[in-house]
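Note that the working numbering has the sequence shown beginning at 83, numbered continuously upward. Just so you know, even glycine gets a beta-carbon here, dropped at the ideal spot from N, CA and C. Since the structure is predicted, the reported quantities are computational estimates derived from the model, not experimental observations.
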Amino acid sequence: MARYPESNVFHRPLGRDMPVIDRGAGALLWDQAGRRYIDGSGGAVVVNIGHGRGEVAAAMAEQAGRAAYVHGTHFTSEAIESYARRLAAYTPGDCNRLYLVSGGSEANETAVKMARAFHLANKQPSRFKTVRRSISYHGNTLTTLALSGRPNLQAPYKPMLPHVAETMAPFCYHCPLGKSYPSCEVACVDELEATILREGPETVSAFIAEPILGASAGAGVPPEDYARRAREICTKHGVLYIDDEVMCGFGRTGRWFGIEWSGVQPDLVTCGKGMTGGYMPVGAVLASERIVDTLLKGGGFVHGFTFSHNAVTAAAAARTLDILEQENLVERARVAGETLLARLQSLLAHPHVGDVRGRGLMLGVELVADKATRKPFPRAEKKAEAVFARAFEHGLVTYPGGGCADGVNGDSFMISPPFVITDAESAELVAILDRSLTELGL
Ligand SMILES: Cc1ncc(COP(=O)(O)O)c(C=O)c1O
């Protein structure tokens, strides 16, 4: 165990004992004390291809040994050129121009700047605003935190955050309109148009949305019509559609990209996490032809980071892509997800498990104080964190989140194991959750 102040590391949870990881294989992890864990959330919904893939490490070592670093304004590499070419076969619509960065927040920050640069090149300099949804997460830099519908995370930094326009989230379990699908006719999407009109369409640059609401809502799946109608509204008002696939992308929902379920073509796609399965820090923007052509004619895109377009990252991503293809893992995520979702449904027998939801292996469980009214526990009770801690003691890693009910209250946790999880591990995962919930009286 390591802990501040004995440890010199500024750990994320300050003042907690941190087990030290030893190794991982498939969906399993072992710490230095020899304890075994099922990685039931793939960390933060990252580890798609599974732990311990020596072939990814070898591909990275090969590239690092050959040419580890060149600046993105000086050279390109065969690693990134061939990867971008191959990836184009899977990207939504014609979003097949890869801008590689080092994390999902960097990707979203890049995307909103790219959208703004597009409007400038298109002679529409008044467009600069982005519309976010009321329950969402797009990152933790100041701009991407502002883009996130996470009042509890924003609160301490509020004076530092730029203004971002907000529309309601299509979150059916806590419908902001008190309606239910399909009789609601997806009325929540009308609010997007109202928001754009209220802000002034000539000032709005982009709309940002995840295909499935990620950790901020414990895998809430919107009705497919939502994305289709949102796309129409954006097109009508000249607003770019940024599809945040940082969590949903690379097979997590049982398709290569989450937006495929609705058949919508975005203008910009952002990625991260599963793109390298956790083997390298990664993020990317996939831009459509129209965006890149316009930027080229307008004089280019002045942006970038020291580690943009990194060849070792591209090598890790390419080997991850090989594995997803060769082992048919996207289909496996869909099938294993159906089985796991069915198993998780048994947890609904617990008095405070209000909902179990998701798609593919992007699944979530929500705890409520009252099932009939769906009333959340007060956030201060930290029920999701309590389940995390108890399950961790029993050898299961989950990914808790707070705020799904109203932005502040609401307890959910993600269940999103590596796609290679075995059937026995999937059953064991649910058994540990069952036991943990029982012990906590939830
Ligand atoms: C949907 C979504 N977008 C963006 C991010 C930010 O990515 P990162 O933590 O790599 O900066 C996350 C991280 O959880 C995410 O889930």
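Look at MET357: its beta carbon is at least 7 angstroms from all of the heavy atoms in ligand 1. Going by C-alpha positions, ARG215 is about 43 angstroms away from GLY116. In the DSSP assignment, LYS379 falls within the unbroken alpha helix (DSSP H) covering 371-379.
Scanning its chain for C-beta atoms nearer than 6 angstroms, with the 5 sequence neighbours on each side dropped, one finds around GLY492 the residues PRO458, GLY485, CYS486, in chain order. Per the DSSP secondary-structure output, THR212 pairs in a beta bridge with ALA288.
For CYS316, the enclosing alpha helix (DSSP H) covers residues 306-318. The alpha helix (DSSP H) runs lying completely inside the segment 236-292 and spanning 4 residues or more are 272-281, given in chain order. In the three-state DSSP reduction, THR352 falls in the strand class (E or B). Non-local beta-carbon contacts of VAL128 in its own chain, meaning distances under 8 angstroms to residues more than five positions away in sequence, involve LYS355, GLY356, GLY359, GLY360 in chain order. Its Cα nearest to that of ALA171, the residue PHE332 stands out among ALA312, GLY386, PHE332, GLY125. According to the DSSP assignment, GLY484 belongs to the beta strand (DSSP E) that extends over 481-484.
Listed in chain order, the beta strand (DSSP E) elements of length 3 or more contained wholly in the segment 365-445 are 365-369, 435-441. Taking the Cβ atoms as the reference, THR285 lies roughly 6 angstroms from ARG209, within the contact range of under 8 angstroms. A Cβ-Cβ contact shorter than 8 angstroms links THR335 with ARG441. Ranked by how close their Cα comes to the Cα of ARG439, the residues ALA166, GLY302, LEU169, ASN222 have GLY302 in first place.
The C-beta distance from PHE253 to ILE217 rounds to 6 angstroms, short enough to meet the 8 angstroms contact threshold. Around the beta-carbon of THR158, fewer than 16 other beta-carbon atoms lie within 10 Å, marking it exposed. Inter-residue distance for GLY186 and GLY477 is about 28 angstroms (C-alpha atoms, whole angstroms).
When the alpha-carbon of LEU422 is set against those of ALA431, LEU511, THR395, the nearest one is in LEU511. Rounded to whole angstroms, the gap between the alpha carbons of VAL268 and LEU274 is 11 angstroms. For SER508, the Cβ stays outside the 7 angstroms cut-off from all heavy atoms of ligand 1.
Contact between the segment 323-331 and the segment 407-422 is not established, with fewer than three Cβ pairs separated by less than 8 angstroms. Listed in chain order, the non-local C-beta contacts of PRO304 below 6 angstroms within the same chain comprise PRO252, local neighbours out to five positions each way being set aside.
In this structure, ALA247 places its C-beta atom within 8 angstroms of the C-beta atom of VAL213.
CA-CA distance, ILE373 to HIS385, rounds to 15 angstroms.
Collapsing the DSSP output to three states places LYS453 in coil. Rounded to the nearest whole angstrom, the C-alpha separation of ASP488 and GLY381 is 43 angstroms. In this structure SER390 touches LEU182 by the C-beta definition: roughly 6 angstroms separates them, less than 8 angstroms.
Not one heavy atom of ligand 1 lies closer than 7 angstroms to the C-beta of GLU144. Less than 8 angstroms divides the Cβ of THR173 from the Cβ of LEU368. The alpha-carbon of LYS261 is positioned some 9 angstroms away from that of CYS270. Rounded to the nearest whole angstrom, the CA to CA distance from THR480 to ILE497 is 6 angstroms. Boundaries of the beta strand (DSSP E) around ALA107: 103-107. The residue among GLU475, ALA150, LYS205 with its C-alpha nearest the C-alpha of LYS379 is LYS205.
Burial is judged here by how many other beta carbons sit within 10 angstroms of a residue's own beta carbon; ASN178 has at least 16 and is buried.
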